[in-house]
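Chains as they are written, first to last, in this note's numbering: chain A, 886 to 1185; chain B, 138 to 748; chain C, 8 to 312.
Backbone N, C-alpha and C fix where the C-beta goes; we use that ideal spot for every residue, glycine too.
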Amino acid sequence: MTTNMLAEEVAESLPPTPRQLALSRALNHKGFMTGGVILILLAIIAIAAPLIAPHDPFAQSLSTRMLPPVWVEGGSWEHLLGTDQNGRDYLSRLIYGTRVSLTIGLGAASIGLVIGVTLGVIAGYFGGWVDHGVSFLLTAQLALPGLLLAMALVFIIGPSVWVVIGIVGVLHWTYYLVVTRAATQRIRSLDFIAADRAAGATSGQIIRQEILPNLLPQIIVIFTFEVGIAILAEASLSFLGVGIQPPTPSWGLMIAEGKIAMFYRPWLVVLPGLCLFVLVIGANLLGDGLRDITSPEGRN
Amino acid sequence: MTSPLLEIQNLSIRLKVPSGVLHAVRNASLTLNRGEALGIVGESGSGKSLTAMALMRLLPKVANVEFDTLKFDGTDLGEVPEATFTRDYLGPRLSMIFQEPMTSLNPVYTIGRQLTEASVRIGRMTNAQANTRALELLDRVGIPNPKARMAQYPHQLSGGQRQRVMIAMALMLEPELLIADEPTTALDATIQTQIMTLLNDLRREMNMGMILITHDLAVVSENVDRVAVMYGGEIVESGRSGDVLAAPAHPYTRALLTAIPHMGGEPKRLGAIPGTVPALLQPPKGCVFAARCAHAEPRCATERPPRQGSDNHHRLCILTEKTLAELPPAVPSDPLPKREMAHEAVLEARHVSRVFHSRSGLFGPRHEIRAVDDISLSLKRGETLALVGESGSGKTTLSRLLLGLDTPTSGEILLDGQPVEAMDGLRRADLVQPIFQDPYSSLNPRRTLAEIIARPLALRGMGTARERQLKARELMERVRLPERLMHSYPSQLSGGQRQRVAIARALVTSPEILVCDEPTSALDVSVQAQILNLLVDLQAELGLTCLLITHDMAVVHQIASRVAVMLDGKIVEEGPAAELLANPKNAYTRTLLDAAPQFRPTETPTMEATS
Amino acid sequence: MLRYILQRGMLALAVAFTVSLATFFLLNFASDPAYSIAGEDATPEVLAQIRETYGLDRPAFVRYLDWLGSVLQGDFGTSYYWNKPVAELVSDRAGATITLALSAVMVTILIAIPLGAWAALRPNTLVDRFALTVAVSAQAVPNFWLGLIVIILFAVMLPIFPVSGDDSWRHFVLPAFVLGASSVPAVMRLTRTGLIDVMQSDYIRTARSKGYRGFTLLTRHALRNALLPVISVLAVQLGQKFGGSVITESIFAINGLGRLALESILGSDIPTVQMLIFVFALIFVAMNLLADILNAALDPRIRIG
């Protein structure tokens, strides 16, 4: 046998590329598709809120206070989901509430991402004392009662959308850190990193060009989960009165406002809660799905 | 004549996988007599382990097992219900040991508990009896101070000791059949021999049947009476091991034999088998090996091959006795290319040491590990220096020092006469490049082959993207990778192909030295031959200098010009390969050479068939 | 083992110290405590007067050391808002919160572990799907909303448990369920993946080759390994239940630490808030230490290094 004969590979069709595989898995993943559709719909509603909302969400009207939804006796088609205690159209407020939730979710999750991923990659890559230091920071952060601290800080600094985004973001980076740190440690020990170093790459080049691209799927997965977590955190703060302030339509705040009348007009509490549930479950399904798709061996 | 201990007719196993149904084992037939040892040999994915797992009923639920006959000691195992099987067969009659001694014992329970629990649970022994038996067996398998060991946990034992414990555990109830699935693959060579000897002795003492599953023909040639060669889920050849190994009759077995580096004589070019193992998503229409076979005829692709030969030695192949007799013997014969060697040193280590400090916790005592201990070594232009040693000898640490991936605690490393420490990373990379053991972890899974190969150029900002791509194509040709793979990802390739990519990347900056750390030990024999041949060819074509780190003496014999033997961070012997392998001076070198599994088909006693 | 515990203990102390430092500076720099005491429209003279009385004119670090010193001597300061020693406030209210937190974790254990284990033993079946649906939904339900819904349901349709107050064990059933539900997804997923990993491990294959199957295999060879990580997570969850009691206690009108915290925040009572955050962090640290010790006791790889 000659060398050239050996070189002749037995012709067989190649297995699909990672991208093709991921795409076909994505299309076949019910959870991912459901989550994706929910989020896309809600994003469209948030962006096009002024076009969709039937009324001005801030317009008060004493004559139309506490109207029930259309399917309850006394409801009208004019106010599909009824009105609140100030006579504002509930449907319009729910539609505008999508904006608040998504803005805070995306904003806070992005802040957490920057902090957590930076710390995680640095700790995982450099190891040693840097890692010890970051791990210590992590333990300390986990020990702090997050919701309570957020409440206190938002209250002291003064509540506004931006303050809520900032504080929720600054307090939610541990999940990114834990995952990226472990993943970086794993990738760092692989031979292709050693090969890259042997080829003369600097630590900066290795982190940016070899490690981060490999972390990307996991970071996106956590981001989608963190969007949900941040949305719930904002809703809790607003519910307790130390988050978004009236008259801004935040779902959490709407639940707090509806609480007084919840035994007689349960929809005031049920509807914004359902909105929160659908939005967060959309994000979680998307995250779960992405995880299945990007690392099929590690479901859950 | 009594019935055989084990008789399997036409065993087939199908596995449901995400991409379809894997026809993992097809129509496998085996017979094993009491007290006899059967070797099942095959490369990864050949179905050899699955066959054993099916016998033990250890396959996952997604597996579908069918057979015509599955008889153990005359009893049809197909008729034995699960409860009876687990109580009366697993342990007292059938027993198995596995490849991974490090993970096969439960970390949270003591050795004693794990040894004794099963026998007590099924009511075969009392606690006291089980304890006595366990102590006896631990002593028999060579565990010092068995009493103390019984109270210890797996993590307190070495890998070799854990495998001994596994063996003792499998023998608690004196099984009639012991299945050993790659029992020594994860262990160092010196321990491998001890474990194989132990298994053989125990088998004779207890008159057990044994099935030895392995990828290593040398292990088979030394240890079994009968052998079955599996390829692509089928037993392509089987018979008395002496007959099969001395006069292989299936082209696959023949090719496999020429692919193994032999220890004796002048090294010859290995007979690598082209291509890769077939994916078994459809049952083949013709012969499973047809696509890679040197003797294939058109009908091989369309017709199932006939079963030929006697009961003592048969094969699935169209080749007749007459054709076989005319074929040349199945040993490598082509000479290797000559290489130029100079006397100047391109890489030199002077009194290099690397000391690691570890501390068990914040207050624990500090330990000092001298992984590399005052080593001086020089690598001459054009030569291949093999650095040999067992795990923990410091050979990988030394290679990392030489690559500049780590800095020595003391001493100096000179590359082309200049101290490597003062050297810029890119300059160093122009001189020396690595090839690693695990082709699955040495390539970035998110890059295409072209990107991976051209990565060192991109780091240097050399050329445009287009030029780099052309260079990558050139290198792919050099390592005999088809051009159509250029834009594919590592996950689409086989292990051998990936290792070629790693070699191409190492060569793209035209370095003078390659440091190859166990470059073939993660690969199957046939693929190992391809890679070893490639390395030898490249060295001749490009005048490369190689540092080869390995534990495999046959590989050393195949491609090294000089050898350095490492033990506990020191070099204990160094010299020209031919001389050192033939007349080792150092006692440790001799131990290593004795332990190396030798392929010697002629030494296996060929008994007359008694039927 | 002793060295290990000592080491974890030192780490816990260091964490507690860091947390106290962080809390002190975060809360004292985010606002001027003098304003909180005097009110937003106080004159500069009044503010200066207050700063002097409360020692707020001294450098922050001195104030921190002062605070830490008193805490170490058992003096937890005086609440501006309640005009009572903080220690008294906390000890009066701790009982309800401890009851709530412990029963919430019990709820989590009772739901999450059996469900996770069941799903792990039947992966990709209906059971598994059901468990996963529970996890995904429980994760997406806003906890305070769940509380309100539970109240609406039980108050109106099924009045078997009281929905407000803390007078008897019956009062704690619903709050414990609501608070415990929030930990179900994490604990269930961990039990499930942990057990699946263990069931696929080499040593389980060994046990199967020795004739172990089904329930015996699970209890004799898999459970202990799979539960090791669950213990740590349960400790973390228990530690977080105290901080998480804010919402549940305010919805179900339980007079515990969480409600105290909310009222103190709304009353700008920074010393009390600071002390509560510190106490919650201490509890968390203590729970983690407990988990470390338990893990060491159950895992010989830690016990005998």
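What residues from chain B crowd round residue i, counting only those whose CB sits closer than 8 Å?
i: aspartate 64/C; result: Going along chain B, no residue has its Cβ under 8 Å from aspartate 64/C, so there is no contact; the nearest lies around 41 Å.
i: arginine 220/C; result: Glu219 and Thr223
At a CB-CB cut-off below 7 Å, which residues of chain A make contact with residue i?
i: leucine 596/B; result: Ala1084, Gly1085, Ala1086 and Gln1090
i: alanine 110/C; result: Position check: residue 110/C holds serine in this sequence, whereas alanine was assumed. Per Cβ cutoff of 7 Å: no residues; serine 110/C is ~19 Å from chain A at best.
i: serine 578/B; result: Leu1075, Asp1076 and Phe1077
i: alanine 566/B; result: Ala1083, Ala1084 and Gly1085
i: valine 185/C; result: What valine 185/C touches in chain A: nothing, since even the nearest Cβ is about 13 Å away.
Chain A partners of residue i, CB-CB under 9 Å?
i: alanine 288/C; result: Ala1025, Ala1028, Leu1029 and Pro1030
i: isoleucine 254/C; result: Leu1032, Ser1121, Phe1124 and Leu1125
Given a threshold of 16 other Cβ atoms within 10 Å of its Cβ, counted over all protein chains shown, does residue i qualify as buried or as exposed?
i: proline 466/B; result: exposed
i: serine 470/B; result: exposed
i: glutamate 740/B; result: With a pLDDT of 42 at glutamate 740/B, under the threshold of 50, the modelled position of this residue cannot be trusted, and the question is left open.
i: tryptophan 152/C; result: buried
i: asparagine 344/B; result: exposed
i: arginine 363/B; result: buried
i: proline 149/C; result: buried
i: serine 216/C; result: buried
i: alanine 431/B; result: exposed
i: threonine 887/A; result: Since pLDDT at threonine 887/A reaches only 35, below the 50 mark, its modelled position is unreliable, and the value read off the structure follows with that caveat. Exposed.
i: glutamate 1142/A; result: buried
i: phenylalanine 349/C; result: With chain C covering 8 to 312 only, the question about residue 349/C has no answer from this structure.
i: histidine 1017/A; result: exposed
i: serine 375/B; result: buried
i: glycine 1183/A; result: Low confidence applies here, because glycine 1183/A scores a pLDDT of 41, under 50, leaving its location unreliable and the question unanswered by this model.
i: asparagine 295/C; result: buried
Restricting to Cα atoms, I'd like to know which of the options is closest to residue i.
i: phenylalanine 1108/A; options: Tyr975/A, Leu1033/A, Ile996/A and Ile1072/A; result: Ile996/A
i: valine 278/B; options: Asn337/B, Glu319/B, Glu237/B and Thr322/B; result: Asn337/B
i: glutamate 527/B; options: Ser698/B, Met690/B and Leu175/B; result: Met690/B
i: glutamine 1130/A; options: Gly967/A, Trp1047/A and Gly1001/A; result: Trp1047/A
i: proline 192/C; options: Val157/C, Gly218/C, Val237/C and Leu264/C; result: Val237/C
i: arginine 171/B; options: Pro312/B, Ala255/B and Ser295/B; result: Pro312/B
i: isoleucine 506/B; options: Thr534/B, Ala479/B, Leu516/B and Ser513/B; result: Thr534/B
i: threonine 200/C; options: Gly84/C, Leu139/C, Tyr88/C and Ser144/C; result: Leu139/C
i: leucine 594/B; options: Ser647/B, Arg341/B, Arg491/B and Met262/B; result: Ser647/B
i: serine 1135/A; options: Lys1144/A, Val1112/A, Leu1161/A and Pro1151/A; result: Leu1161/A
i: leucine 418/B; options: Ala715/B, Val692/B and Arg151/B; result: Arg151/B
Please compile the residues from chain B whose C-beta is within a distance smaller than 9 Å of the C-beta of residue i.
i: asparagine 232/C; result: Asn243, Pro244 and Val245
i: serine 899/A; result: Residue 899/A is actually leucine in this sequence, not serine. What leucine 899/A touches in chain B: Arg621, Leu622, Ser625, Gln629 and Leu630.
i: threonine 902/A; result: Thr585, His624, Ser625, Tyr626, Ser628 and Gln629
Mind pulling the chain C residues with CB within less than 9 Å of residue i?
i: alanine 1120/A; result: Pro149, Phe151 and Trp152
Using a C-beta to C-beta distance shorter than 7 Å, which residues of chain B count as neighbours of residue i?
i: lysine 217/C; result: Leu227, Gly228 and Ala255
i: glutamate 1095/A; result: Asn581
Which residues of chain C have a Cβ atom closer than 8 Å to the Cβ of residue i, listed in chain order?
i: threonine 240/B; result: Ser208, Asp209 and Tyr210
i: glutamate 237/B; result: Asp209
i: leucine 1156/A; result: Going along chain C, no residue has its Cβ under 8 Å from leucine 1156/A, so there is no contact; the nearest lies around 11 Å.
i: isoleucine 259/B; result: Gly218
Could you list which residues in chain C have their beta carbon closer than 7 Å to that of residue i, in chain order?
i: phenylalanine 209/B; result: Those do not exist, as phenylalanine 209/B stays about 15 Å from chain C at its closest Cβ, beyond 7 Å.
Could you work out which residues of chain A lie near residue i, taking near to mean beta carbons separated by less than 8 Å?
i: arginine 605/B; result: Neighbours of arginine 605/B on chain A: none; closest Cβ ~13 Å, over 8 Å.
Exercise for the section: Could you list the residues in the segment 150–167 of chain C with a C-beta less than 9 Å from some C-beta on chain A, going in chain order? Expected result: Asn150, Phe151, Trp152, Leu153, Leu155, Ile156, Ile158, Ile159, Ala162 and Val163
Practice task
Decide yes or no for the touch test of the segment 304–311 of chain B against the segment 174–193 of chain B: beta carbon pairs closer than 8 Å, at least 3 of them.
Solution key: no
Practice task
Would you check if the segment 272–290 of chain B and the segment 228–241 of chain B touch, i.e. whether three or more CB-CB distances between them fall below 8 Å?
Solution key: no
Practice task
Decide yes or no for the touch test of the segment 205–219 of chain B against the segment 236–243 of chain B: beta carbon pairs closer than 8 Å, at least 3 of them.
Solution key: no
Problem - Stretch-stretch touch, CB-based, cutoff 8 Å, three pairs: the segment 575–591 of chain B with the segment 537–555 of chain B - result: No: the two stretches stay apart, fewer than three of their Cβ pairs being nearer than 8 Å.
Exercise for the section: Answer yes if the segment 1037–1047 of chain A comes into contact with the segment 1096–1105 of chain A, meaning at least three C-beta pairs across the two stretches below 8 Å, and no otherwise. Expected result: Judged by Cβ distances under 8 Å, the segment 1096–1105 of chain A makes no contact with the segment 1037–1047 of chain A, as fewer than three pairs qualify.
Practice task
Evaluate the contact criterion for the segment 630–639 of chain B versus the segment 564–579 of chain B: three or more CB pairs, one atom per stretch, below 8 Å.
Solution key: yes
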